[in-house]
Every structure is written in C-alpha cells, then in structure tokens.
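For the sequence shown, my numbering puts the final residue at 214, and the numbers step up evenly by one.
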Amino acid sequence: MDGGGVENLAAKLDDAMRRGEILKDGSKSLVSHIAMGGAEVVVKGYHHLGWMHSLRHTFQGSRAKQAWQMANRLCLLGVTTPKPLAYIDEYRGGLLWRSYFIYEYVSGPSLQDFLENSAVPEKQKRRRIEQVIKVLSHLSEHGLSHGDLKHTNMICNGDAVVFIDLDALRQSSCIGFLKRYRYGKDKARFLRDIKMYEQ
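Given below as structure tokens:
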C-alpha cells in the first residue's frame, strides 16, 4: 500500500476510534474498542510526539510493531494475552509518523476491579494473585520482564488473567542475577498495592 493509502487508512481508523468506546485517551496514545469486519477489536493508536521521537522509532521500529511482536511472543509461551491481529505504520517524508496496534477484544473486569469487589471471596482473590506471580516467574525464565504491572493492565476473563498493555515488556539479559532482579522488581510492583485488599 502506498503512503497515501496508509494515510487514508489511518484517517479511517482515527474516525472509527473516536466513534468507538474510548478506553484510554492519553498524551501518548488513544485506545478504543470498535467493531471491525464483524469482530470486536481494540485499536491502540500511538500519537506523533515530535521529530526526534519519529526518527528514533523509524530505526528502532514503531511501538505498535514492538507490541505486536511481544504479544506473539507471549502467545507462543502460553501466556494469556489478547490475540494480536495487525499493526499499521504510517510514514511521512520517510519518517514514522503514527502507528496502530490492533488486537482482539477481551471482556471482563480489570484485576483492580476484581480485587476491590467485596462480593468476591478472598480465596478467589488470592488465587488470582498467585496466578499472576506464576506468570511473572514463567516470563523471567524466558528472559522477559513486564515492566508495567498496574492492576488495570490485567483483565479477569473466566478463570484466566489476561495481560494487556505490553509497551513496557522487555527482553532481559540471560545473565541470572539480572533476570532475578527484573523478576523481583516486577513482583514488587505487582504486590505493592495487594495489602490494601487483604482483610
């Protein structure tokens, strides 16, 4: 697809996202739940943040591409995350301008809402917490760290905890102590607010 075609597609996506259910509208990105091709999807659009930002990501790869790659990696590792469907990069003048990551929509409350729900038995809450810690250990074994374990970045869908917002997910060094350090940091961030839910 030529540059004009991508620009037109980006404009259509922007319009659809604004008309959809906006999940997040921040300075760096817009996230919206929309219908596309008869399916429910989430589109995360990354804003243009200036020429230096564009130049860096032109060579490093867009954040949408990185999120798509990491989501595929998690799927291969058996970690529950929304199925990655596509990413779109828009270039202007040879530089990355904006990008979009499209993935399947997964329903359910965030882990934060689940843990704050007084109707949920404490035993179920603890089981969810243990699930997340087990996933973090599994990621660490494969040299990965999540990097952004706010409870709003996980969705409770049936018996699964679904990991979303993979922008901070990084490949760690294979050196043992660095992997342990990053695992400890992820775990500490996740557990930081857990005590507020304990009775």
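Note that CB positions come from ideal geometry on N, CA and C, so glycine has one too.
Counted within 10 angstroms of its Cβ, other Cβ atoms place D40 as buried (16 or more) or exposed:
exposed
Nearest-angstrom Cα separation, counted from P136 out to R197
31 angstroms
Buried or exposed, going by whether 16 or more other CB atoms sit within 10 Å of the CB of L193?
exposed
What residue range is occupied by the uninterrupted alpha helix (DSSP H) comprising R141?
E137 to E156
How would you write the range of the beta strand (DSSP E) that A82 sits in, first residue to last?
Not the beta strand (DSSP E): A82 falls in the alpha helix (DSSP H), residues R78 to L91.
Distance check for L38 and S47, CA to CA, integer angstroms please.
5 angstroms
Give me the residue from L151, D180, D174 and K165 with the minimum Cα distance to G199.
L151
Anyone know if the C-beta pair for G109 and I170 falls short of 7 angstroms?
no
Hey, would you say the C-beta of I37 is under 6 angstroms away from at least one heavy atom of the ligand GTP?
Questions concerning the ligand GTP fall outside what the structure shown contains, since it holds no ligand whatsoever.
Backbone CA spacing between A82 and F116 [nearest angstrom]:
7 angstroms
Between D208 and the rest of its own chain, which residues show a CB-CB distance below 7 angstroms, the 5 nearest in sequence each way excluded?
H166
Please state whether DSSP places D60 in a helix, a strand or coil.
Note that residue 60 is Gly in the sequence shown, not Asp. In the structure shown, G60 sits in a strand (DSSP, three-state: E or B).
When DSSP labels each residue in this structure, what does S122 get in the three-state scheme?
coil
Can you say whether R78 is buried or exposed, counting buried as having 16 or more other CB atoms within 10 angstroms of its CB?
buried
8 angstroms contact criterion, which L5 and E131 should meet: CB distance rounded
This structure does not reach residue 5, given that the chain is present from 16 up to 214, and the question cannot be answered.
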